[in-house]
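J.: My questions all concern the structure below.
Residue numbers (the numbering used here): 29 to 452.
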């Protein structure tokens, strides 16, 4: 209390406060939780008990003395506030921020004992004048700079479920975009909802590329190239229905990502939303994590980061590409027989390739656009073939799922009335 009073008084003398922070040594002291604090967090412990045990089962055999988790009570408070605003009526809640699922964040903290998941966002240099290096140790500049953490979207969704909310869609922020037009019937009314594409209204700036999932800020020139890719901007759409039995509305027709590792799409050959090494260990035939690690060679270790980084981005490219194809060409041109014909004929494929490159090369590059387009077309050509429905890359699976949702179930995606590319 004395320290709090002192800091409040120092606000009236900013220059003295800067001198105070430069001279004082700030330390973090581990303490036991009080009974009151334990009671406050009991809902969190019960809600995530199974997920915590899965983390323990992975890291205990590897010799880790502990796992690290960051509890954010404000997430539940945020949901409770939204619930209060909606009241007894039905409504929707859209949450957008940097973040990931519970287990992805648990992995990222547990493998890095020097990180506690709390960061200082970019601060104007004039506010850091004469202060110690705030970025090296976040408590140093307490009271002078903001602190932030990645959002645990699993926790947000769980807090909502306790209040009668349900998750409709979770995924990268680009799930909010629908390039294709949608024909929607609600009750006795029919609506033709126009599509919207960020790139069609702008140019491939760094911000537009980030919107679509190409992490330009995590380039090899600025970071290690794929660091913390899984914590980029996400969107979580939840609904508070009038009745729990009401069918879920199809507001965002895009493949939804999982909030729990056990709910991951079985089609995905790897979980691009998770920490690469943790997911790789869990996918090995050996059930003992220590035995699985014995098969980790230097070659495998070197490629994991880039492999998962590319998969994370390309899963988003595939969805937006299919959305664009439906908007530009319509569903009928990509049904299984039509997709197979495209693959078998250069005279059909090459014009489509030119149109795809004209639309998406500025964001993704020619190599990625062509490779992902061919992979998705192969997957669409095999649509309905049970023997070809096994695991594949997240891009192939997501592209196929996007087509199913737009063209089959609910199947309300239709060709755009706007011209999305210049004629040949």
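Even for Gly, the Cβ is constructed at its ideal location relative to N, Cα and C.
Just verifying my parser: in three-state terms, what is the DSSP assignment at residue 143?
T.: coil
J.: For residue 111, name the three-state secondary structure that DSSP assigns.
T.: helix
J.: What do you get for residue 153, buried or exposed, if any count of 16 or more other CB atoms within 10 angstroms of its CB means buried?
T.: Answer is exposed; the Cβ neighbour count stays below 16.
J.: Assign residue 382 to one of two classes, buried (16 or more other C-beta atoms within 10 Å of its C-beta) or exposed (fewer than that).
T.: exposed
J.: Using the Cβ count rule (16 or more neighbours within 10 Å means buried), how would you classify residue 334?
T.: An exposed status is given to residue 334, since fewer than 16 other beta-carbon atoms sit within 10 Å of its beta-carbon.
J.: Comparing the C-beta of residue 418 with each C-beta of chain B, is any distance below 8 angstroms?
T.: Going by chain labels, chain B is absent from the structure shown, which holds only one protein chain.
J.: For residue 341 and residue 241, I'd like the C-alpha separation in whole angstroms.
T.: 5 angstroms
J.: CB residue 205 to CB residue 224, shorter than 8 angstroms?
T.: yes
J.: Is the stretch 122-132 touching the stretch 172-183, taking contact as three or more C-beta pairs under 8 angstroms?
T.: yes
J.: Over what stretch of residues does the alpha helix (DSSP H) that includes residue 357 continue unbroken?
T.: Where residue 357 is concerned, the enclosing alpha helix (DSSP H) stretches over 326-357.
J.: Return the chain-ordered list of same chain residues with a C-beta closer than 6 angstroms to the C-beta of residue 249, the five sequence neighbours on each side being excluded.
T.: Because residue 249 sits at a pLDDT of 48, beneath the cut-off of 50, its placement in the model cannot be relied upon, and the following sentence gives the value as read from the coordinates. Nothing listed; no residue qualifies.
J.: Any contact of the stretch 183-202 with the stretch 280-291, i.e. 3+ C-beta pairs under 8 angstroms?
T.: yes
J.: Hey, could you find the ends of the beta strand (DSSP E) residue 151 is sitting in?
T.: Counting along the chain, residue 151 falls outside any beta strand (DSSP E), and DSSP gives it neither H nor E.
J.: Just how far apart, CA to CA, sit residue 343 and residue 404?
T.: Rounded to whole angstroms, residue 343 to residue 404 spans 10 angstroms at the Cα level.
J.: So, are the CB atoms of residue 213 and residue 258 less than 8 angstroms apart?
T.: no
J.: My parser needs the beta strand (DSSP E) runs of 3 or more residues fully inside the stretch 221-298; what are they?
T.: 261-268
J.: Would you mind sorting residue 174 into buried or exposed? The rule is 16 or more other CB atoms within 10 Å of its CB.
T.: Flag for residue 174 reads exposed.
J.: Within a Cβ cutoff of 6 angstroms, which residues of the same chain sit near residue 350, ignoring the five residues on either side of it in sequence?
T.: 427, 430 and 431
J.: Compute the Euclidean distance between the alpha carbons of residue 392 and residue 345, then round it to the nearest angstrom.
T.: 8 angstroms
J.: Is residue 406 near residue 371, with beta carbons less than 8 angstroms apart?
T.: yes
J.: Near residue 193, what residues of its chain come up, given a Cβ to Cβ distance below 6 angstroms and the 5 sequence neighbours on each side ignored?
T.: 266 and 268
J.: Strictly by DSSP, which residues pair up with residue 317?
T.: DSSP output for residue 317 lists no bridge partner at all.
J.: Let me know if residue 136 comes out buried or exposed under the rule of 16 or more other beta-carbons within 10 Å of its beta-carbon.
T.: The residue in question, residue 136, is buried, as its Cβ has 16 or more Cβ neighbours within 10 Å.
J.: Locate the alpha helix (DSSP H) running through residue 196, then write down its first and last residues.
T.: Element bounds for residue 196: not the alpha helix (DSSP H) but the beta strand (DSSP E), 194-200.
J.: Is the Cβ-Cβ distance between residue 17 and residue 87 less than 8 angstroms?
T.: As displayed, the chain neither begins before 29 nor continues past 452, which places residue 17 out of reach and without an answer.
J.: Quick one: using the 10 Å Cβ neighbour count with 16 as the cut-off for buried, is residue 337 buried or exposed?
T.: buried
J.: Whole angstroms are fine: how far does the CA of residue 438 sit from the CA of residue 211?
T.: 10 angstroms
J.: Can you confirm whether the stretch 97-106 touches the stretch 66-78 when touching is taken to mean that 3 or more C-beta pairs between the two stretches lie within less than 8 angstroms?
T.: yes
J.: Whose C-alpha, out of 218, 236 and 207, is nearest the C-alpha of residue 357?
T.: Closest option to residue 357, judged by alpha-carbon separation, among 218, 236 and 207: 207.
J.: Please report the distance separating the alpha-carbon of residue 110 from that of residue 328.
T.: Rounded to the nearest whole angstrom, the CA to CA distance from residue 110 to residue 328 is 45 angstroms.
J.: Quick check: the stretch 293-300 against the stretch 227-242, are at least 3 beta-carbon pairs closer than 8 angstroms?
T.: no
J.: Per DSSP, which residues does residue 213 bridge with? Please list them.
T.: 218
J.: Could you tell me which residues DSSP pairs with residue 1 in its beta bridges?
T.: Any answer about residue 1 is impossible in this case: the structure gives the chain only from 29 up to 452.
J.: Do residue 56 and residue 167 have their C-beta atoms closer together than 8 angstroms?
T.: Judged by their CB atoms, residue 56 and residue 167 are nearer to each other than the 8 angstroms cut-off.
J.: Near residue 389, what residues of its chain come up, given a Cβ to Cβ distance below 8 angstroms and the 5 sequence neighbours on each side ignored?
T.: Excluding residues within five positions, the ones whose Cβ falls inside 8 angstroms are 397.
J.: Assign residue 435 to one of two classes, buried (16 or more other C-beta atoms within 10 Å of its C-beta) or exposed (fewer than that).
T.: buried
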